[in-house]
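Reviewing the structure listed below.
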Amino acid sequence: LRPRMRTNCGGIIMCLNVGTDPPDVAKPDPCAKMECWYDPSRATRKKARDEIGQRVTDAFSKLARAKYKMVMDPTPDEVHKLCTNLRKAARQDRVLLHYNGHGVPRPTENGEVWVFNKGFTQYLPLGVEDLAHWVGKPNIFVFDCNAAGALLPFFDAATTSADDCIVLAAVGAKELLPMSPIHPADLFTACLTTPIRVALRRFVQTNQMSMQGVTESFVDQIPGRLNDRKTPLGELNWIFTAITDTIAWNALPRALFQRLF
Numbered sequence: 031l032r033p034r035m036r037t038n039c040g041g042i043i044m045c046l047n048v049g050t051d052p053p054d055v056a057k058p059d060p061c062a063k064m065e066c067w068y069d070p071s072r073a074t075r076k077k078a079r080d081e082i083g084q085r086v087t088d089a090f091s092k093l094a095r096a097k098y099k100m101v102m103d104p105t106p107d108e109v110h111k112l113c114t115n116l117r118k119a120a121r122q123d124r125v126l127l128h129y130n131g132h133g134v135p136r137p138t139e140n141g142e143v144w145v146f147n148k149g150f151t152q153y154l155p156l157g158v159e160d161l162a163h164w165v166g167k168p169n170i171f172v173f174d175c176n177a178a179g180a181l182l183p184f185f186d187a188a189t190t191s192a193d194d195c196i197v198l199a200a201v202g203a204k205e206l207l208p209m210s211p212i213h214p215a216d217l218f219t220a221c222l223t224t225p226i227r228v229a230l231r232r233f234v235q236t237n238q239m240s241m242q243g244v245t246e247s248f249v250d251q252i253p254g255r256l257n258d259r260k261t262p263l264g265e266l267n268w269i270f271t272a273i274t275d276t277i278a279w280n281a282l283p284r285a286l287f288q289r290l291f
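The following block contains the structure:
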């Protein structure tokens, strides 16, 4: 089997536009608000942007020993600069690019996501084929936005080898992100960066009889470090990793398992 490829750097594109909902989605009230386990309505727009940005960067940094750079509500030029710098830093290794589009319209039929103009007064389209070209190969893309699955065919057209590109999409081409207030707004990203926290909170929510007296805030306060098995959180992480690796080993083709794990 082909040896695993390292991912030693990544970029995070946050198109949140805190305080302004996308024009093409009617959100219920109440609805999901938390981004990286932070409620932006608790602070001013600037403070919320800064806090969420720092939390997202920290969350990705804890996943692996990699360097991550973030751009918040960027222009196309800022995204281009981010992507080219990532490829220079990664050299022949894989680059991860994460896109959060919770504050912009859903992707276009032409395979474009949205960013902003310099004056922050307009949405500007940005083709994912351009993103793939700027990032170079090999790469892995994560799209946490409405209708993210609509972008997949455009990567098929831009990629000559499946080994060069991995794309993770939060929802299907005609689906919206979950908006229930019991979940964070970035549920897909939360499952990737803090899976134990998501799983335990979900268990508490769906097992109220057996979990009587246990609240979601209790889950959030489990002590320890993920990489220290001698702590409660570390032990949970070790069990979680063993289970998910075993499921993947038994469910995926060997070549695909080697690429992903």
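The opening residue of the sequence shown carries number 31 in the working numbering; numbering runs sequentially from there.
Backbone N, C-alpha and C define an ideal beta-carbon position, used for all residues, glycine too.
For clarity, every value in this text was computed on a predicted model and none was experimentally measured.
Integer-rounded CB distance, given that residue j should sit under 8 Å from residue i
i      : j      : result
Val201 : Ala178 : 6 Å
Asn38  : Ala96  : 5 Å
Ala199 : Leu181 : 7 Å
Asp103 : Met64  : Not quite, the Cβ-Cβ distance comes to about 18 Å (not below 8 Å), so this is no contact.
Val172 : Leu222 : 7 Å
Ala62  : Pro211 : 6 Å
Cys66  : Val86  : 5 Å
Pairwise C-alpha distance: residue j and residue i
i      : j      : result
Lys57  : Val249 : 28 Å
Val48  : Cys175 : 15 Å
Pro53  : Pro135 : 6 Å
Ser91  : Met100 : 12 Å
Val125 : Thr245 : 38 Å
Glu265 : Phe287 : 24 Å
Asn140 : Asp51  : 22 Å
Tyr153 : Lys111 : 19 Å
Lys260 : Leu156 : 46 Å
Phe233 : Lys148 : 44 Å
Leu116 : Leu46  : 22 Å
Asn257 : Trp268 : 8 Å
Ala203 : Arg72  : 32 Å
Ala272 : Ala229 : 15 Å
Under 8 Å between C-beta atoms of residue i and residue j
i      : j      : result
Pro225 : Cys195 : no
Asp216 : His132 : yes
Val158 : Phe184 : yes
Tyr68  : Glu81  : yes
Ala278 : Phe270 : no
Asp107 : Arg36  : no
Delimiting residues of the beta strand (DSSP E) encompassing residue i
i      : result
Val172 : Asn169 to Asp174
Leu127 : Arg124 to Asn130
Gly40  : Thr37 to Met44
Gly157 : Tyr153 to Gly157
Lys204 : Lys204 -> no beta strand (DSSP E), and no H or E assigned at all.
Glu81  : From DSSP, Glu81 is part of no beta strand (DSSP E) but of the alpha helix (DSSP H) over Arg75 to Leu93.
Min CB distance residue i to chain C below 8 Å
i      : result
Ile269 : As a matter of chain content, chain C is missing from the structure shown, which is built from one protein chain.
The alpha helix (DSSP H) enclosing residue i, as first and last residue numbers
i      : result
Asn333 : Since the first and last residues shown for the chain are 31 and 291, residue 333 lies out of range.
Phe287 : Arg284 to Leu290
Runs of beta strand (DSSP E) lying entirely within the region 224 to 282, each at least 3 residues, in chain order: none
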